[in-house]
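Trainee: Before I ask anything, let me first share the structure, which is written out below as structure tokens.
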Amino acid sequence: MALQVGIVGGGQLARMMIAPAVELGIDVRVLAEQDGMSAALAATDVGDYRDVETVMAFARDVDVITFDHEHVPQDVLRALVEAGVAVHPGPDALFYAQDKLRMRAKLAELGMPQPDWAPVADAASLDSFIAAHGGRAVVKTPRGGYDGKGVRVVAAASDAADWLDALEDGGELLVEELVDFTRELAQQVARRPSGELVVYPVVETVQKDGVCAEAIAPAPHSAGRLADVAGDIGEAIAVGLGVTGMLAVELFETTDERLLVNELAMRPHNSGHWTQDGAITSQFEQHLRAVLDLPLGDTALRAPWAVMVNILGGPTDGTLSERLPAALEAHPSAKVHTYGKDPRPGRKVGHVTVAGDDLAAVCYEARGAASFFTD
Ligand code: ADP
Numbered sequence: 008m009a010l011q012v013g014i015v016g017g018g019q020l021a022r023m024m025i026a027p028a029v030e031l032g033i034d035v036r037v038l039a040e041q042d043g044m045s046a047a048l049a050a051t052d053v054g055d056y057r058d059v060e061t062v063m064a065f066a067r068d069v070d071v072i073t074f075d076h077e078h079v080p081q082d083v084l085r086a087l088v089e090a091g092v093a094v095h096p097g098p099d100a101l102f103y104a105q106d107k108l109r110m111r112a113k114l115a116e117l118g119m120p121q122p123d124w125a126p127v128a129d130a131a132s133l134d135s136f137i138a139a140h141g142g143r144a145v146v147k148t149p150r151g152g153y154d155g156k157g158v159r160v161v162a163a164a165s166d167a168a169d170w171l172d173a174l175e176d177g178g179e180l181l182v183e184e185l186v187d188f189t190r191e192l193a194q195q196v197a198r199r200p201s202g203e204l205v206v207y208p209v210v211e212t213v214q215k216d217g218v219c220a221e222a223i224a225p226a227p228h229s230a231g232r233l234a235d236v237a238g239d240i241g242e243a244i245a246v247g248l249g250v251t252g253m254l255a256v257e258l259f260e261t262t263d264e265r266l267l268v269n270e271l272a273m274r275p276h277n278s279g280h281w282t283q284d285g286a287i288t289s290q291f292e293q294h295l296r297a298v299l300d301l302p303l304g305d306t307a308l309r310a311p312w313a314v315m316v317n318i319l320g321g322p323t324d325g326t327l328s329e330r331l332p333a334a335l336e337a338h339p340s341a342k343v344h345t346y347g348k349d350p351r352p353g354r355k356v357g358h359v360t361v362a363g364d365d366l367a368a369v370c371y372e373a374r375g376a377a378s379f380f381t382d
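For the sequence shown, position 248 matches number 255 in my numbering, and the numbering has no gaps at all.
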């Protein structure tokens with residue numbers, strides 16, 4: 008019988024695991040939040056991932072449970088493990104991806120380079136952190152943030168008064184120094200339960216309004232020390248936190264040439280979409296291989312450069328499909344990926360990747376093709 012992977016979460020990351028699963032002869036089942044989601048191409052159950060019974064029933068016949076997000080509650084994850092279900096990444100690793108304060112504390116314990124940070128629960132301690140860090144800082148809600156939501160640059164505690172007021176008893180916000188970075192990077196690694204680990208080339212990511220807009224692989228001028236340091240950080244975190252499957256480590260490169268860890272994702276990640284058309288093994292195939300404890304694939308680039316450009320929002324009139332013929336006609340080297348989502352301002356509805364020898368030409372093609380899908 009074919010291997011069975013159960014993916015909790017029906018978004019585009021689950022959707023993009025389906026193609027390599029088909030190629031490898033792996034059956035994918037999806038537990039989607041609602042009908043008609045991106046991953047509904049696979050056999051889909053609809054149900055609440057926070058409900059133990061629902062997730063246990065979904066997990067009954069699969070070889071492994073994995074995820075397209077990090078939000079499955081710890082009690083649900085632990086119930087699965089206790090019932091003998093293979094869960095990758097497991098609850099002990101996901102614990103650190105679910106809460107930015109826990110992540111900071113664990114990274115400190117592992118000696119990883121990161122921005123100065125502190126937990127804060129009241130205005131006085133936030134103001135004193137800001138004063139000690141040059142008059143500005145970044146406040147984050149520890150849980151539930153994504154795409155820049157839950158991240159705010161502040162100059163005084165009053166700028167985060169609404170978040171402080173909303174804290175429950177014992178609740179805390181995370182405050183970090185405002186890092187003076189020259190660019191943002193992302194390091195991906197994959198790790199199997201039995202320990203094999205592979206490292207992808209470090210990439211540069213470009214954010215617009217807190218959302219990833221582009222990724223360039225490899226990060227320009229990263230050969231040598233930068234790639235080695237980033238790879239070592241990725242490996243140390245994957246091993247230190249016991250991550251299985253794909254891990255993405257978002258990094259800041261500072262003006263004084265240090266790398267600092269921003270945050271972690273324990274699943275395929277937007278910064279790795281370029282691997283579909285630019286690496287020998289895509290992150291989606293690699294994640295399946297890793298969680299099934301199959302031998303991992305080569306992470307090398309297929310061409311000197313690969314660039315991924317997100318399609319954000321989509322067209323204000325009509326559908327992505329209507330724009331497809333003209334984009335393909337104008338940019339034959341571009342690989343277009345769409346997620347089956349309705350256009351909506353700011354929403355990630357697809358991406359384009361191009362791989363090739365000349366970075367300027369690759370960027371031109373990828374941006375040009377992506378521009379056909381927005382106004
Ligand atoms: P999210 O979970 O919403 O992706 P992040 O923690 O990755 O939030 O922050 C979103 C963006 O905000 C980052 O990509 C970066 O551009 C900026 N940012 C976050 N933390 C800092 C910091 N300490 N200093 C400077 N910029 C930051």
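The beta carbon of each residue, even a glycine, is placed where N, CA and C say it ideally should be. Just so it is clear, the structure is predicted and the values come from calculations on it, not from any experiment.
At the level of alpha carbons, what is the spacing between Gly118 and Gly252?
Mentor: Spanning the two alpha carbons is a distance of roughly 23 Å.
Trainee: Do you know offhand how far Gly321's Cα is from Ala21's?
Mentor: Distance between the alpha carbons of Gly321 and Ala21 is about 20 Å.
Trainee: Okay, do the stretch 313-330 and the stretch 352-360 touch, 3+ Cβ pairs below 8 Å being the bar?
Mentor: They touch, by the three-pair rule.
Trainee: CB of Leu271 to nearest heavy atom of the ligand ADP: below 7 Å?
Mentor: Not so, every heavy atom of the ligand ADP lies at least 7 Å from the Cβ.
Trainee: Per DSSP, which one or two residues make a beta bridge with Arg309?
Mentor: In the DSSP output, where bridge partners are listed per residue, Arg309 has none listed.
Trainee: Hey, Glu260 and Leu308: beta-carbon distance below 8 Å or not?
Mentor: No, Cβ-Cβ distance for Glu260 and Leu308 is not below 8 Å.
Trainee: If we ignore side chains and look at the alpha-carbon of each, how far apart do Tyr207 and Val196 end up?
Mentor: Their backbone Cα atoms lie some 6 Å apart in a straight line.
Trainee: Return the chain-ordered ranges of every beta strand (DSSP E) run that is complete within the stretch 103-177 and spans a minimum of 3 residues.
Mentor: Whole beta strand (DSSP E) segments, 3+ residues: 124-127, 144-147, 158-161.
Trainee: Which class does Ala337 belong to by DSSP, given the choice of helix, strand or coil?
Mentor: Three-state DSSP puts Ala337 in a helix.
Trainee: Is Val182 a contact residue of the ligand ADP, with contact defined as CB to any heavy atom under 7 Å?
Mentor: Checking the Cβ of Val182 against the ligand ADP gives no.
Trainee: So, at 6 Å on beta carbons, what are the nonlocal neighbours of Leu248 in its own chain, with the 5 sequence-adjacent residues on each side left out?
Mentor: Only Ala100, Tyr103 meet the Cβ criterion.
Trainee: Return the CA-CA distance between Val23 and Asp34, expressed in angstroms with no decimal places.
Mentor: One point to set straight first is that residue 23 is Met, not Val, in the sequence displayed. When rounded, the distance between both Cα atoms is 14 Å.
Trainee: From the DSSP output, read off the bridge partner residues of Gln81.
Mentor: None, per the DSSP bridge assignment.
Trainee: Leu114 and Pro126 look like a contact to me (Cβ under 8 Å); what is the Cβ gap, rounded to whole Å?
Mentor: That belief does not hold up - the Cβ atoms of Leu114 and Pro126 are roughly 14 Å apart, past 8 Å.
Trainee: Taking C-beta to C-beta, are Pro80 and Leu266 nearer than 8 Å?
Mentor: Their beta carbons are not under 8 Å apart, which means Pro80 does not touch Leu266 by this criterion.
Trainee: Could you say which of Ala163, Lys147, Ala297 lies nearest to Gly157 if we only look at CA atoms?
Mentor: Nearest of Ala163, Lys147, Ala297 to Gly157, Cα basis: Lys147.
Trainee: Starting from Asp294, trace the alpha helix (DSSP H) both ways and give me its first and last residue.
Mentor: The question names Asp, but residue 294 in the sequence shown is His. Taken as a continuous stretch (DSSP letters only), the alpha helix (DSSP H) holding His294 covers 290-298.
Trainee: Is it right to say Ile287 is buried, meaning 16 or more other beta carbons lie within 10 angstroms of its own, or is it exposed?
Mentor: Classification of Ile287: exposed, given that the 10 Å Cβ count is below 16.
Trainee: Are Gly238 and Val209 touching if we call contact CB-CB under 8 Å?
Mentor: Their beta carbons are under 8 Å apart, which means Gly238 touches Val209 by this criterion.
Trainee: Rank Arg199, Gly279, Gly231 by C-alpha distance to the C-alpha of Glu242 and give the top, closest one.
Mentor: The residue with the shortest Cα to Cα distance from Glu242 is Arg199.
Trainee: Pro225 and Ala234 look like a contact to me (Cβ under 8 Å); what is the Cβ gap, rounded to whole Å?
Mentor: Pro225 to Ala234, Cβ: 7 Å. Contact.
Trainee: Keeping to the same chain, check which residues put their C-beta closer than 7 Å to that of Asp305; ignore five residues upstream and five downstream.
Mentor: Counting only Cβ-Cβ distances below 7 Å, and skipping sequence neighbours, we find Ile287, Thr288.
Trainee: Can you check DSSP and say which residues form a bridge with Cys219?
Mentor: Gln214, per the DSSP bridge assignment.
Trainee: How is the beta strand (DSSP E) around Asp52 delimited, first residue to last?
Mentor: Its beta strand (DSSP E) spans residues 50-53.
Trainee: Specify, as a first and last residue, the run of the beta strand (DSSP E) that Gly363 falls within.
Mentor: 355-363 is the span of the beta strand (DSSP E), which, as asked, contains Gly363.
Trainee: Less than 7 Å separating the Cβ of Tyr103 from some heavy atom of the ligand ADP?
Mentor: The answer is no for Tyr103.
Trainee: Determine the DSSP secondary structure at Glu329, reduced to helix, strand or coil.
Mentor: It is helical.
Trainee: Which residues in the same chain as Ala90 place their Cβ atom closer than 8 Å to its Cβ, once the five residues preceding and following it in sequence are excluded?
Mentor: The answer, listed in chain order, is Met63, Ala66.
Trainee: Using the C-alpha atoms, what's the distance from Arg296 back to Val246?
Mentor: In a straight line, the C-alpha of Val246 is about 18 Å away from that of Arg296.
Trainee: Apart from the five residues just before and just after Val205, which ones in its own chain have a Cβ nearer than 6 Å to its Cβ?
Mentor: Within the same chain, Val205 has close Cβ partners Ala197, Leu303, Thr306.
Trainee: Cβ-heavy atom distance between Leu319 and the ligand ADP below 7 Å?
Mentor: Because no heavy atom of the ligand ADP lies under 7 Å away, the Cβ of Leu319 does not count as near it: no.
Trainee: Go ahead and pull the three-state DSSP assignment for Phe65.
Mentor: Helix.
Trainee: Please confirm whether Ala130 and Leu171 have their CB atoms less than 8 Å apart.
Mentor: Cβ distance < 8 Å, so Ala130 and Leu171 count as in contact.
Trainee: Tell me whether Gly141 is buried or exposed, calling it buried when 16 or more other Cβ atoms sit within 10 Å of its Cβ.
Mentor: Exposed, by the Cβ-count rule.
Trainee: Under DSSP, the beta strand (DSSP E) around Leu252 begins and ends at which residues?
Mentor: Checking the sequence shown, residue 252 turns out to be Gly, not Leu. 252-261 is the span of the beta strand (DSSP E), which, as asked, contains Gly252.
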